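For reference, the structure is listed below as structure tokens.
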Amino acid sequence: MILDSHRITTEPYYCAAGNEIALFAAAYAARMPMMLKGPTGCGKTRFIEYMAWRLGKPLITVACHEDMTASDLVGRFLLDANGTVWHDGPLTRAVRHGAICYLDEIVEARQDTTVVIHPLADDRRVLPLEKTGELITAHPDFQLVISYNPGYQSVLKDLKESTKQRFAAMQFLYPDRALETAIVAHEAGIAEEDARRLVLIGEAARHLKGHGLDEGASTRMLIHAGQLIARGVALAAACQVALILPITDDPDLRDALTATVDACLR
Ligand SMILES: Nc1ncnc2c1ncn2[C@@H]1O[C@H](COP(=O)(O)OP(=O)(O)OP(=O)(O)O)[C@@H](O)[C@H]1O
Ligand SMILES: [Mg+2]
Numbered sequence: 001m002i003l004d005s006h007r008i009t010t011e012p013y014y015c016a017a018g019n020e021i022a023l024f025a026a027a028y029a030a031r032m033p034m035m036l037k038g039p040t041g042c043g044k045t046r047f048i049e050y051m052a053w054r055l056g057k058p059l060i061t062v063a064c065h066e067d068m069t070a071s072d073l074v075g076r077f078l079l080d081a082n083g084t085v086w087h088d089g090p091l092t093r094a095v096r097h098g099a100i101c102y103l104d105e106i107v108e109a110r111q112d113t114t115v116v117i118h119p120l121a122d123d124r125r126v127l128p129l130e131k132t133g134e135l136i137t138a139h140p141d142f143q144l145v146i147s148y149n150p151g152y153q154s155v156l157k158d159l160k161e162s163t164k165q166r167f168a169a170m171q172f173l174y175p176d177r178a179l180e181t182a183i184v185a186h187e188a189g190i191a192e193e194d195a196r197r198l199v200l201i202g203e204a205a206r207h208l209k210g211h212g213l214d215e216g217a218s219t220r221m222l223i224h225a226g227q228l229i230a231r232g233v234a235l236a237a238a239c240q241v242a243l244i245l246p247i248t249d250d251p252d253l254r255d256a257l258t259a260t261v262d263a264c265l266r
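For the sequence shown, the residue numbers in UniProt numbering are 1 to 266.
As structure tokens, then:
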């Protein structure tokens, strides 16, 4: 099968925080375009990998960026020995052969690029290929999923209302204390007790959001700290390297975060 390399064969580790698995399964059954919202490093990508595995569908992920053009999504003519040949882009492959297409950080893409998904994300479920004149009707298994972090985006960088309103949305947050402890312990391979300390430090750092920090420390960062601890680095040093230095250049904030770590160690 053409999308075999996009199949997820082993179950991704995913801890559900609520009813998100059942909700997404229902949305998939309706082939509803979905938007995953939430701060960086809170589990959106892991969730969609898990759902693709659970639903038994291939997953094609596209990291969106400013310079991305519609051709990067849809495809282009390329020159080879026999002349020009059409090559499907990742979106077109997903539409033609039936994958979940995950457009990560969609808001980074320019609005003239984003509009190519419009006919796919309403009841038409078609993708017109302007350059070949082809009109592809989406494979029955195709679903469009986008991620969207509204928090730290400028007002200039937002989705068009007509794009937003084609999607249903699910909100992701950092997992609660018990769940995040289990996740950090599992992902980093450290003792629950160490994971719990990291989670408490993470929570304290999240309270500094808005007081100079744009985002709190993500679950991803706590896992990084845990991975260093698993390799013999002391907790305080691991927190400096994996949590504090990456998120702020402000010396006062660094001191505040370091004091938080010290307090959690006592
Ligand atoms: N509910 C969860 N179950 C299992 N692992 C999780 C969960 N939430 C977060 N993680 C862990 O946190 C890491 C970061 O999550 P992920 O990469 O999915 O974040 P994200 O929301 O996609 O972030 P970004 O917006 O930056 O892409 C994952 O690699 C995974 O190890
Ligand atoms: Mg992600």
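Positions of the beta carbon are idealized from the N, C-alpha and C atoms, including for glycine.
Note that the structure is a prediction, hence the values are computed from the model and not measured.
How far does the alpha helix (DSSP H) with S71 in it extend, from its first residue to its last?
That run of the alpha helix (DSSP H) goes A70 to V74.
Excluding the 5 residues flanking E66 on each side, which residues of the same chain have their C-beta closer than 8 Å to its C-beta?
Closer than 8 Å at Cβ, skipping near neighbours: E108, A109 and R110.
Which same chain residues, not among the five before or five after M221, have their C-beta less than 8 Å away from its C-beta?
Result list for M221: G41, G202, A242, L243, P246 and I247, in chain order.
Residues in its own chain within less than 7 Å of I183 by CB, not counting five upstream and five downstream?
Cβ neighbours of I183 beyond the five flanking positions: C15, P175 and T219.
Using a Cβ-Cβ cut-off of 7 Å (strictly less than) and excluding sequence neighbours within five positions of T61, which residues of its own chain qualify?
The answer, listed in chain order, is Y102 and D104.
Looking at the unbroken beta strand (DSSP E) that takes in L129, where does it start and where does it end?
Start and end: V126 to L129.
Does any heavy atom of ligand 1 sit closer than 7 Å to the C-beta of T61?
Outside the cutoff, so no.
Does the structure place the stretch 88 to 96 close enough to the stretch 47 to 56 that three or more beta carbon pairs sit under 8 Å?
No, the stretch 47 to 56 does not touch the stretch 88 to 96.
Run the proximity test for I183: is its beta-carbon closer than 7 Å to any non-hydrogen atom belonging to ligand 4?
For ligand 4, the structure offers nothing, since it holds only ligand 1 and ligand 2.
What's the gap between the Cα of A205 and the Cα of G212?
Their backbone Cα atoms lie some 11 Å apart in a straight line.
Of all the options A94, T181 and D194, which has the alpha carbon lying nearest to the alpha carbon of K57?
The option with the nearest alpha carbon to K57 is A94.
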